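Asker: Here it is, the structure, as structure tokens.
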Amino acid sequence: MSITFPYTKTHPEFAQNHLRGVSSSKRKISNQEATHPVGKSTKEQMAAQLSTFLTSKPMKSPSFNLSSIANPSQRSPKSMSSNLGSGSTSKENVKKPSVPRMEARVQVTHSMPPEKIEIFKSMEDWAEKNVLVHLTPVENCWQPQDFLPDATSDGFEEQVRELRERARDIPDDYFVALVGSMITEEALPTYQTMLNTLDGVRDETASSLTPWAIWTRAWTAEENRHGDLLNKYLYLSGRVDMKRIEKTIQYLIGAGMDPRTENSPYLFFIYTSFQERATSISHGNTGRLAKAHGEMKLAQICGMIASDEKRHEAAYTKIMEKLFEIDPDGTVLALADMMRKRITMPAHLMYDGCDDNIFSHYSAVVQRLGVYTAKDYADVLEFLVRRWKVENLTGLSAEGRRAQDYVCGLVPKVRRLEERASERAEEALTIPFGWVSDRQVKL
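Just so you know, the sequence shown maps onto residues 1 to 443 in UniProt numbering.
What follows is the structure in structure tokens.
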């Protein structure tokens with residue numbers, strides 16, 4: 001997973017990044033700007049309109065206790081929000097070395113009530129039969145070495161030369177997109193950590209035999225191959241600055257992620273359903289572009305990774321499908337909540353040691369190349385709303401019906417804003433990009 005729209009895991013945030021202009025790559029910014037940088041272009045104005053639309057009029061949901069965010073006195077100690085720091089660089093509040101450069105905002109934790117946790121306990125037999133089937137036995141899985149030069153063979157050096165020759169004429173902006181995907185995949189420790197924050201499904205012992213815990217570990221093991229393969233390919237290609245990339249990975253894992261899912265599997269499995277589909281689209285488009293540039297082996301690599309992501313998507317969307325069956329009211333409220341928050345891509349706290357806006361810059365490149373776009377965001381949302389039959393839900397509370405109306409009316413509004421932004425888009429800037437040795441890349 002690239003945990004997306006890194007998220008991916010792989011993917012750029014729609015409202016705040018895909019439709020925005022570019023600010024200076026090295027300016028000092030506050031904590032709030034680090035997560036959501038602000039600019040002045042037409043793209044940014046449209047992004048602001050979309051952001052306002054997606055986040056306005058937050059719904060109160062008894063299932064997830066959203067109203068208590070504004071009134072901490074009504075919260076239990078477990079669900080108190082926490083602030084990871086202001087991020088100020090003033091003399092009065094200098095960051096400690098241990099604090100990540102890119103920080104999460106105020107966070108809400110453990111908002112799911114006990115009766116909802118019991119739902120996941122009751123689903124364990126179902127999960128064993130319906131979720132674990134989407135894992136592939138290790139002996140049947142492809143491995144990174146299947147697609148890379150064999151270091152034990154006499155022809156290893158020639159194989160490396162052939163790989164470098166195939167990669168030689170691929171444009172730098174393509175490598176920016178590929179590197180961003182790889183970095184997001186390499187932040188896998190964060191994604192397993194996130195799964196093990198979820199109430200009712202976490203792996204309590206690191207070797208638990210509950211279906212939820214088995215899924216988390218095996219999913220992580222399958223995903224681990226993705227970053228390994230892309231990392232080795234990029235290293236052998238000779239086209240990128242591996243040290244800058246390695247620093248970006250370390251910064252990103254150290255910073256974590258902030259999907260605003262509140263330890264709730266309702267919220268996080270919505271997030272992963274969206275992310276896995278978005279990641280599959282992104283890798284698929286990266287493979288398509290590799291094929292267009294004549295690099296068939298890289299196209300095959302991207303295709304294999306995309307196939308894994310589709311399989312994982314099937315598992316997460318099936319979980320949500322079951323939750324809509326068991327608890328339609330709570331589930332549609334959760335879906336509306338996540339759509340108001342927006343699906344923030346898993347790599348949104350990315351930093352390379354120099355560029356405070358590197359995630360925005362990466363997002364702009366993949367948008368322009370068609371790797372993952374604002375249209376893709378809307379397509380994923382439309383697919384999931386249709387897959388989960390949200391429009392056909394019955395027996396909902398008044399709040400549930402409002403959430404249903406909001407979600408079902410969201411796609412056309414998102415598409416209209418995206419179309420207007422595209423029509424009025426300003427010409428992209430060109431900046432030096434650290435991942436490709438500071439060569440100029442159009443955003």
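Glycine included, every Cβ here is placed at the ideal spot set by N, Cα and C.
Predicted model only: the values in this text are computed from it and were never measured.
(1) Which residue marks the beginning of the beta strand (DSSP E) containing residue 440, and which one marks its end?
(2) Ordered along the chain, which non-local residues of its own chain (more than five positions away) have a Cβ less than 8 Å from that of residue 190?
(3) Would you check if the distance between the CB atom of residue 182 and the CB atom of residue 230 is smaller than 8 Å?
(4) Residue 433 lies in the beta strand (DSSP E); which residues open and close that run?
(5) In this structure, does DSSP put residue 143 in helix, strand or coil?
(6) Enumerate in chain order the residues of its own chain whose CB-to-CB distance from residue 143 is below 8 Å, with the five nearest sequence positions on each side excluded.
(7) Alpha carbon to alpha carbon, how far is residue 266 from residue 259?
(8) Is residue 391 buried or exposed, if buried means 16 or more other CB atoms sit within 10 Å of its CB?
(9) With a cut-off of 8 Å on the beta carbons, I'd call residue 322 and residue 123 a contact; round off their distance for me.
(10) For residue 358, collect the residues of the same chain with a Cβ closer than 8 Å to its Cβ; drop the 5 residues on either side in sequence, then sort them by chain order.
(11) Just to confirm the assignment: which complete beta strand (DSSP E) runs, minimum length 3, are found wholly within the segment 261-326?
(12) Where do the N-terminal and C-terminal ends of the alpha helix (DSSP H) with residue 215 fall, by residue?
(13) Are the beta-carbon atoms of residue 306 and residue 280 separated by less than 8 Å?
(14) Measuring CA to CA, which of 127, 394, 362 and 361 is closest to residue 327?
(15) Would residue 271 and residue 320 be called neighbours here (beta carbons separated by less than 8 Å)?
(16) What number of angstroms, rounded off, separates the C-alpha of residue 268 from the C-alpha of residue 377?
(17) Run the proximity test for residue 299: is its beta-carbon closer than 7 Å to any non-hydrogen atom belonging to the ligand MG?
(18) Three Cβ pairs or more, each shorter than 8 Å: is that satisfied between the segment 153-168 and the segment 205-215?
(19) Is the Cβ-Cβ distance between residue 179 and residue 282 less than 8 Å?
(20) Quick one: is residue 331 buried, meaning 16 or more other Cβ sit within 10 Å of its Cβ, or exposed?
(21) Who are the Cβ neighbours of residue 430 in its own chain at under 6 Å, not counting the five residues just before and after it?
(22) Please confirm whether residue 109 and residue 262 have their CB atoms less than 8 Å apart.
(23) According to DSSP, is residue 125 part of a helix, a strand, or is it coil?
(24) Taking residue 278 as the reference, give the member of 136, 416 and 367 with the closest Cα.
(25) Alpha carbon to alpha carbon, what distance is there between residue 341 and residue 57?
(26) Can you give the Cα-Cα distance for residue 46 and residue 411, rounded to whole angstroms?
(27) Would you report the Cα separation of residue 202 and residue 399, rounded to the nearest angstrom?
(28) First and last residue of the alpha helix (DSSP H) that includes residue 386?
Answerer: In this structure, then:
(1) 439-442
(2) 252, 253, 256, 257 and 346
(3) yes
(4) 430-433
(5) coil
(6) 225
(7) 13 Å
(8) exposed
(9) 7 Å
(10) 25, 248, 350, 351, 352 and 434
(11) none
(12) 211-237
(13) yes
(14) 394
(15) no
(16) 17 Å
(17) Here there are no bound small molecules, and the ligand MG is not part of this structure.
(18) no
(19) no
(20) buried
(21) 440 and 442
(22) yes
(23) helix
(24) 367
(25) At residue 57 the pLDDT is 41, less than 50, meaning the model places this residue with poor confidence and gives no usable figure here.
(26) With a pLDDT of only 47 at residue 46, under 50, the local geometry of the prediction cannot be trusted, and the value read off the model is given with reservation. So the alpha carbons of these two residues sit roughly 16 Å apart.
(27) 29 Å
(28) 374-387
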